[in-house]
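Below is one structure, written out as structure tokens; the observations come after it.
Protein chains: 2
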Amino acid sequence: MAPSPRPYHHGDLPRALIAAALELIDEVGPAALSLREVARRAGVSHGAPAHHFGDKAGLLTAVAAQGYELLGAALADAFESTGEFREVGVAYVRFALSHRAHFEVMFRPELYRDDDPAVVAARVPSSAMLYGPPADLSGDAVTAVNGAVAAWSLVHGFATLWLSGNLERAVPGDPEGAARAITGFLSIRR
Amino acid sequence: MAPSPRPYHHGDLPRALIAAALELIDEVGPAALSLREVARRAGVSHGAPAHHFGDKAGLLTAVAAQGYELLGAALADAFESTGEFREVGVAYVRFALSHRAHFEVMFRPELYRDDDPAVVAARVPSSAMLYGPPADLSGDAVTAVNGAVAAWSLVHGFATLWLSGNLERAVPGDPEGAARAITGFLSIRR
DNA sequence: CGCGATATCTAGTCAGTGTCAAGTTCGGGT
DNA sequence: ACCCGAACTTGACACTGACTAGATATCGCG
Numbered sequence: 087m088a089p090s091p092r093p094y095h096h097g098d099l100p101r102a103l104i105a106a107a108l109e110l111i112d113e114v115g116p117a118a119l120s121l122r123e124v125a126r127r128a129g130v131s132h133g134a135p136a137h138h139f140g141d142k143a144g145l146l147t148a149v150a151a152q153g154y155e156l157l158g159a160a161l162a163d164a165f166e167s168t169g170e171f172r173e174v175g176v177a178y179v180r181f182a183l184s185h186r187a188h189f190e191v192m193f194r195p196e197l198y199r200d201d202d203p204a205v206v207a208a209r210v211p212s213s214a215m216l217y218g219p220p221a222d223l224s225g226d227a228v229t230a231v232n233g234a235v236a237a238w239s240l241v242h243g244f245a246t247l248w249l250s251g252n253l254e255r256a257v258p259g260d261p262e263g264a265a266r267a268i269t270g271f272l273s274i275r276r
Numbered sequence: 087m088a089p090s091p092r093p094y095h096h097g098d099l100p101r102a103l104i105a106a107a108l109e110l111i112d113e114v115g116p117a118a119l120s121l122r123e124v125a126r127r128a129g130v131s132h133g134a135p136a137h138h139f140g141d142k143a144g145l146l147t148a149v150a151a152q153g154y155e156l157l158g159a160a161l162a163d164a165f166e167s168t169g170e171f172r173e174v175g176v177a178y179v180r181f182a183l184s185h186r187a188h189f190e191v192m193f194r195p196e197l198y199r200d201d202d203p204a205v206v207a208a209r210v211p212s213s214a215m216l217y218g219p220p221a222d223l224s225g226d227a228v229t230a231v232n233g234a235v236a237a238w239s240l241v242h243g244f245a246t247l248w249l250s251g252n253l254e255r256a257v258p259g260d261p262e263g264a265a266r267a268i269t270g271f272l273s274i275r276r
């Protein structure tokens with residue numbers, strides 16, 4: 087699994103390019119990402135990224151797919167280790183804040199190809215974690231899906247508001263604790 | 087009110103530029119907005135926008151400020167005409183969907199100058215509508231602010247998830263009704 | 001061991017963009 | 001009537017994403 091020091095021609099470039107892209111997105115946001123700057127940081131020529139990803143949207147598509155995989159794993163881990171749906175929501179917020187670059191790309195579908203097979207497949211596990219548990223808590227199907235959407239909306243809104251700097255005044259201190267407190271206002275069961 | 091065919095030198099350009107920008111953002115998103123295309127649509131030279139707004143961030147700053155004004159008015163109107171905090175949340179979603187361009191700019195602070203005096207001032211009324219009513223419903227201050235953050239997160243998350251195309255499968259039909267249903271899962275009072 | 005095929009990457013080019021500096025045109029106040 | 005300044009134009013520069021042709025290194029295969 088450990089890649090050799092220089093597995094190929096110059097190294098395994100796709101991974102290096104994604105890493106550089108994530109770093110750059112953390113600095114300037116996903117919209118201002120520059121393929122040429124990514125190439126520069128990876129130490130390759132400006133045309134190299136196009137070979138692996140086709141175009142800018144292709145690179146961001148890879149980032150989004152990776153993000154969905156990581157999110158699905160994080161949510162599943164939270165549910166399995168605590169057994170509480172509430173902690174899935176907290177894990178969602180934790181993921182958004184700790185993987186900001188992934189998260190911001192994932193929810194800007196105009197920046198990548200959200201119908202790419204890799205993305206569609208990577209989305210499945212996280213979807214299951216968001217919609218599955220409420221179905222066990224609630225009786226009828228419509229309440230379950232509405233409850234799931236409410237819970238998703240709550241944590242997604244909290245995460246995006248935090249990332250856009252809108253909550254720092256109202257919620258000082260650590261965001262994870264605040265997120266856990268916020269989820270207390272939801273009444274899914276019933 | 088109706089402006090003459092060519093009221094001034096060329097018309098009242100700032101307004102025309104903002105209108106063209108909103109139209110373009112609706113088509114390609116706020117990140118892919120091009121100042122030159124905006125100028126083209128307004129029928130002026132490519133350098134004209136810079137004269138009025140300084141740079142691209144300046145134009146988006148004006149859009150954001152206008153957006154906060156409209157949002158504040160919409161929320162206040164909803165509260166005054168119904169007396170229910172819940173309808174403020176529904177109005178928030180309605181604003182996001184009907185003023186998509188404004189909304190998307192407002193919550194991407196990296197695209198404009200969010201510390202601009204005009205923006206800061208325009209934010210006041212909407213902030214009051216988001217934080218005010220819960221303070222009347224709840225006893226202590228910390229519960230009030232947490233409840234406000236929860237309510238804001240819920241409707242903000244719903245709106246952004248809808249705009250990014252993540253709810254069309256789970257919530258078919260009209261989003262406003264769905265938003266009203268979603269707010270039913272919140273228990274602010276108590 | 002060698003050689004061709006192919007993936008990988010480089011380098012050059014083109015249209016389009018944001019921003020800046022310098023011009024040009026027009027309006028209103030004195 | 002004049003002229004100062006605001007509104008806009010024009011041209012330039014560096015940068016970007018995308019495309020192309022070409023160079024180079026790695027691997028398959030004898």
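Sequence order for the protein chains is A and B. With this note's numbering applied, the first sequence covers 87 to 276. With this note's numbering applied, the second sequence covers 87 to 276. Don't be surprised by glycine CBs; every beta carbon is placed ideally from N, CA and C.
Neighbours of Ser-273/B across chain A, judged by C-beta separation under 7 Å: Phe-271, Ser-273. Under the DSSP assignment, Tyr-198/A falls outside any alpha helix (DSSP H); it carries neither an H nor an E label.
The three-state reading of DSSP puts Leu-99/A in helix, counting H, G and I together. Short of 7 Å from the beta carbon of Ala-107/B, and not among the five residues preceding or following it, lie these beta carbons of its own chain, in chain order: Leu-119, Val-124, Leu-145, Val-149. With a contact defined as Cβ atoms closer than 8 Å, Val-191/A and Leu-253/B miss out at about 19 Å. Nearest to Pro-203/B by alpha-carbon distance, out of Leu-223/B, Ala-160/B, Thr-147/B, is Thr-147/B. Using a CB distance cut-off of 8 Å, Phe-171/A does not count as an interface residue toward chain B. Here Leu-272/B carries a strand assignment [DSSP, helix/strand/coil].
Of all residues in the stretch 201-217 of chain B, the ones placed with a Cβ closer than 8 Å to any Cβ belonging to chain A are Tyr-217, in chain order.
In terms of Cβ geometry, Val-176/A and Thr-269/A form a close pair [threshold 8 Å].
Residue contact check for Leu-99/B against chain A: no CB pair falls below 8 Å.
Cα atoms of Phe-244/B and Val-179/B: separation of roughly 7 Å, rounded to the nearest angstrom.
With distances taken between CA atoms, Arg-255/B lies nearest to Val-231/A out of Val-231/A, Ser-250/A, Arg-266/A. Within the stretch 174-230 of chain B, the complete alpha helix (DSSP H) segments of 4 residues or longer fall at 186-192, 203-223, listed in chain order.
Only those residues of the stretch 244-269 of chain B whose C-beta falls short of 7 Å from the nearest C-beta of chain A are listed: Phe-244, Thr-246, Leu-247, Ser-250, Gly-251, Leu-253, Ala-256, Val-257, Ala-267, Ile-268. At a C-beta separation below 7 Å, Pro-195/A has these neighbours in chain B: Ser-250, Gly-251.
For Arg-126/B, the secondary structure class from DSSP, reduced to helix, strand or coil, is helix.
Within 7 Å of the CB of Gly-233/A, the CB atoms of chain B belong to Phe-271, in sequence order along the chain.
C-alpha of Arg-101/A to C-alpha of Ser-131/A: approximately 16 Å in a straight line.
Burial is judged here by how many other beta carbons sit within 10 angstroms of a residue's own beta carbon; Ser-239/A has at least 16 and is buried. Here DSSP, grouped into helix, strand and coil, assigns Ala-118/B to coil. Here the alpha carbons of His-137/A and Val-174/A stand approximately 38 Å from one another.
Shown here, Asp-163/A sits in a helix according to DSSP, grouped into three states. Within the stretch 134-158 of chain B, no residue places its CB atom closer than 9 Å to a CB of chain A.
Taken through DSSP and simplified to helix, strand or coil, His-138/B comes out as helix. Distance check between Ala-267/A and each of Phe-181/B, Val-228/B, Glu-170/B, Ala-160/B places Val-228/B closest, using alpha-carbon atoms only. As for any alpha helix (DSSP H) of minimum length 4 sitting wholly inside the stretch 238-262 of chain B, there is none. Scanning chain B for C-beta atoms nearer than 9 Å to the C-beta of Gly-115/A yields Ala-117, Arg-194, Glu-196, Leu-197, reported in chain order. In this structure, DSSP gives Gly-133/A a state outside helix and strand, which the three-state scheme calls coil. Ala-143/A sits away from Arg-209/A, with the two beta carbons spaced by 8 Å or more.
If you draw a 10 Å sphere on the C-beta of Ala-128/B, you find 16 or more other C-beta atoms in it, and that means buried.
If you check the CB distance, Leu-156/A and His-185/A come in under 8 Å. Under the three-state reduction of DSSP output, Glu-170/A falls in the coil class, being neither helix nor strand.
For a cut-off of 8 Å, the C-beta gap from Val-205/A to Ala-151/A is around 5 Å, short enough to register as a contact. Listed along chain A is no residue with a C-beta nearer than 8 Å to that of Leu-108/B; the closest approach is about 16 Å.
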